[in-house]
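Asker:
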DNA sequence: CTTGGAATGTCAACAAAGCTGACGTATTGT
DNA sequence: ACAATACGTCAGCTTTGTTGACATTCCAAG
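Chains as they are written, first to last, in the UniProt record's numbering: chain A, 1 to 165; chain B, 1 to 165.
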């Protein structure tokens with residue numbers, strides 16, 4: 001664990017340092033979403049569709065409720081997005097077998113194609129940033145991001161990761 | 001604590017690693033905005049107001065055009081936000097002396113009070129994350145974020161930083 | 001077997017915050 | 001004199017979020 005005390009640490013957590021971190025998050029998030037946004041703008045979709053597609057791709061067969069918890073929006077808001085995706089044949093909603101109230105969501109071929117297109121763009125930027133910063137920086141990047149999450153979200157984040165092995 | 005594999009560059013940039021980075025950004029940004037959002041929800045303001053207040057506080061006397069470039073929105077969108085802030089007495093818009101076409105923006109006492117309230121909350125979270133992750137992680141965090149920005153935004157980011165010394 | 005609650009979907013209405021396009025007014029610079 | 005710049009504003013549209021109300025379907029407990 002990091003030495004919290006030391007001469008350099010007097011400067012370390014100044015408001016100015018924190019403010020720079022805040023602005024870095026703001027500008028970086030803009031870059032982070034810029035490429036998918038450009039692609040989405042050419043069709044009738046937005047960032048909300050991207051998020052839904054991403055997490056369905058990540059956990060095929062996930063339920064609507066699970067998705068709601070991950071995305072943190074209302075079911076009405078998600079439903080509007082999901083409906084268009086289902087109508088457009090990008091997402092398949094299948095009634096659950098064990099619990100028929102649940103709908104299990106997965107991407108169709110077409111949906112996976114779009115997912116690939118979007119995440120290729122986003123991964124390319126992430127890859128470039130990782131390469132430019134180097135492995136150690138990436139480790140730090142991840143540590144700070146994880147520490148910044150709400151506890152519930154951190155739990156979900158780890159849960160998704162574990163289920164992916 | 002997740003080992004983000006250090007030496008092995010074969011595993012280092014797998015799509016899975018990148019995907020985890022993408023999701024970390026998503027969840028972390030939610031945490032990043034959560035506290036100010038909660039405060040703003042109690043009044044008639046939103047995230048857009050927060051951003052305007054932040055950057056006006058950061059660069060008192062800045063012009064509308066400058067703010068537009070930083071925020072990356074249309075003047076109509078910014079104007080709507082700015083108008084309410086001026087009407088509510090949080091922001092002062094003063095005609096430029098050198099160039100009378102320009103409006104120079106700064107926070108009033110009341111505006112600064114709100115800015116402090118919002119940024120205190122956001123800084124507290126950032127400080128906690130920084131402390132939990134440690135100085136080296138913070139350095140990496142910043143490096144990756146800077147590498148992720150669009151070049152124009154990176155330039156602005158540095159510009160703001162320099163002007164603040 | 002009935003009934004309460006959970007999971008899902010849907011309708012309606014609304015708000016925040018972005019966008020385009022068009023237009024007007026000062027002001028500045030050429 | 002004239003074009004360009006900075007700003008504001010009106011009007012209308014889109015995306016994505018919100019509440020609230022209500023129906024349906026189904027599981028599970030009494």
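Just so you know, even glycine gets a beta-carbon here, dropped at the ideal spot from N, CA and C.
Determine the chain A residues that contact residue 18 of chain B at a beta-carbon separation under 7 Å, and present them in chain order.
Answerer: The residue labelled residue 18 of chain B in the question sits at position 18 within the second chain. In chain order: 123, 126, 127.
Asker: Within the same chain, show all residues whose beta-carbon is closer than 7 Å to that of residue 65 of chain B, passing over the 5 residues directly before and after it, in chain order.
Answerer: Locating residue 65 of chain B in the second chain gives position 65, where the first residue counts as 1. Contacts found: none.
Asker: Taking the C-alpha atoms as reference points, what is the distance between residue 140 of chain B and residue 122 of chain A?
Answerer: Counting from 1 along the second chain, the entry for residue 140 of chain B is found at position 140. Counting from 1 along the first chain, the entry for residue 122 of chain A is found at position 122. Going by the C-alpha atoms only, they are around 20 Å apart.
Asker: Should the stretch 25-33 of chain A be regarded as contacting the stretch 143-153 of chain B, the criterion being three or more beta carbon pairs within less than 8 Å?
Answerer: yes
Asker: So that I know if they touch, is there some Cβ in chain B lying closer than 8 Å to that of residue 146 of chain A?
Answerer: Counted from its first residue, the first chain places residue 146 of chain A at position 146. Yes, its Cβ sits closer than 8 Å to a Cβ of chain B.
Asker: When you compare only the Cα positions, how much space is there between residue 95 of chain A and residue 62 of chain A?
Answerer: Locating residue 95 of chain A in the first chain gives position 95, where the first residue counts as 1. Locating residue 62 of chain A in the first chain gives position 62, where the first residue counts as 1. Rounded to the nearest angstrom, the two C-alpha atoms are 11 Å apart.
Asker: What three-state label does DSSP hand residue 57 of chain A in the structure shown?
Answerer: Walking along the first chain from the start, residue 57 of chain A turns up at place 57. In this structure, residue 57 of chain A counts as helix in the three-state DSSP scheme.
Asker: Who are the neighbours of residue 13 of chain A on chain B, taking C-beta pairs under 7 Å?
Answerer: On the first chain, position 13 is the one that residue 13 of chain A refers to. Going along chain B in sequence order, the residues near residue 13 of chain A (Cβ under 7 Å) are 127, 130.
Asker: Closest by CA to residue 49 of chain B, which one among B/99, B/23, B/20, B/107?
Answerer: Locating residue 49 of chain B in the second chain gives position 49, counting from the first residue. Cα-wise, what sits closest to residue 49 of chain B is B/107.
Asker: Using 10 angstroms around the beta-carbon of residue 113 of chain B, count the other beta-carbons present and answer buried if the total reaches 16, otherwise exposed.
Answerer: The residue you call residue 113 of chain B lines up with position 113 of the second chain. Counting Cβ neighbours within 10 Å, residue 113 of chain B comes out exposed, since fewer than 16 surround it.
Asker: Starting from residue 106 of chain A, trace the alpha helix (DSSP H) in both directions and tell me its first and last residue.
Answerer: For the purposes of this step, residue 106 of chain A is taken as the residue at position 106 of the first chain. Unbroken run through residue 106 of chain A is the beta strand (DSSP E), 103-107; no alpha helix (DSSP H).
Asker: Where does residue 97 of chain B sit, in a helix, a strand or coil, going by DSSP?
Answerer: Against the second chain, residue 97 of chain B aligns to sequence position 97. Correct three-state label for residue 97 of chain B: coil.
Asker: When you compare the stretch 115-132 of chain A with the stretch 73-89 of chain A, are there three or more beta-carbon pairs, one atom per stretch, that lie closer than 8 Å?
Answerer: Per the Cβ contact rule, the stretch 115-132 of chain A is not in contact with the stretch 73-89 of chain A (fewer than 3 Cβ pairs under 8 Å).
Asker: Could you check whether the Cβ of residue 23 of chain B sits closer than 8 Å to any Cβ belonging to chain A?
Answerer: Here residue 23 of chain B refers to the residue found at position 23 of the second chain. It does: the Cβ of residue 23 of chain B has a partner Cβ on chain A nearer than 8 Å.
Asker: Looking at the strands, I want to know which residues DSSP matches up with residue 62 of chain B.
Answerer: By 1-based counting over the second chain, the position of residue 62 of chain B is 62. Answer by DSSP bridge pairing, in chain order: B/105.
Asker: Got a sec, what are the start and stop residues for the alpha helix (DSSP H) residue 31 of chain B sits in?
Answerer: As a first step, residue 31 of chain B is located in the second chain; it is residue number 31 there, counting from the start. First-last of the alpha helix (DSSP H) with residue 31 of chain B: 15-41.
Asker: What's the C-alpha gap between residue 105 of chain A and residue 75 of chain A?
Answerer: The sequence position of residue 105 of chain A within the first chain is 105, counting from 1. The sequence position of residue 75 of chain A within the first chain is 75, counting from 1. Their backbone Cα atoms lie some 14 Å apart in a straight line.
Asker: What would DSSP say about residue 86 of chain B, mapped onto helix, strand or coil?
Answerer: Here residue 86 of chain B refers to the residue found at position 86 when the second chain is read from its first residue. Residue state, collapsed to three classes: helix.
Asker: Less than 8 Å between the C-beta atoms of residue 142 of chain B and residue 21 of chain A, yes or no?
Answerer: Taking the first residue of the second chain as 1, we reach residue 142 of chain B at position 142. Taking the first residue of the first chain as 1, we reach residue 21 of chain A at position 21. With contacts defined as CB atoms closer than 8 Å, residue 142 of chain B and residue 21 of chain A qualify as a contacting pair.
Asker: Is residue 57 of chain B buried or exposed, if buried means 16 or more other CB atoms sit within 10 Å of its CB?
Answerer: Numbered from its first residue, the second chain carries residue 57 of chain B at position 57. Buried is the call here.
Asker: With distances taken between CB atoms, is the gap from residue 158 of chain B to residue 27 of chain A smaller than 8 Å?
Answerer: Here residue 158 of chain B corresponds to residue number 158 of the second chain, with the count starting at 1. Here residue 27 of chain A corresponds to residue number 27 of the first chain, with the count starting at 1. It is not a contact, given that the beta carbons lie outside the stated cut-off.
Asker: Just checking my contact of residue 44 of chain B with residue 78 of chain B at CB under 8 Å: how many whole Å lie between their CB atoms?
Answerer: Here the question's residue 44 of chain B lines up with position 44 in the second chain. Here the question's residue 78 of chain B lines up with position 78 in the second chain. 17 Å between Cβ atoms; not a contact.
Asker: Counting only C-beta atoms, is residue 37 of chain A closer than 8 Å to chain B at any point?
Answerer: Position 37 of the first chain, counting from 1, holds the residue named residue 37 of chain A. No, because no Cβ of chain B sits closer than 8 Å to the Cβ of residue 37 of chain A.
Asker: Below 8 Å between beta carbons: does that hold for residue 144 of chain B and residue 41 of chain A?
Answerer: Translated into the one-based positions of the second chain, residue 144 of chain B becomes position 144. Translated into the one-based positions of the first chain, residue 41 of chain A becomes position 41. Between residue 144 of chain B and residue 41 of chain A, the C-beta gap is not smaller than 8 Å, which leaves the two residues out of contact.
Asker: Alpha carbon to alpha carbon, what distance is there between residue 80 of chain A and residue 18 of chain A?
Answerer: Indexing the first chain from 1 puts residue 18 of chain A at position 18. Indexing the first chain from 1 puts residue 80 of chain A at position 80. Answer to the nearest angstrom: the Cα atoms are 38 Å apart.
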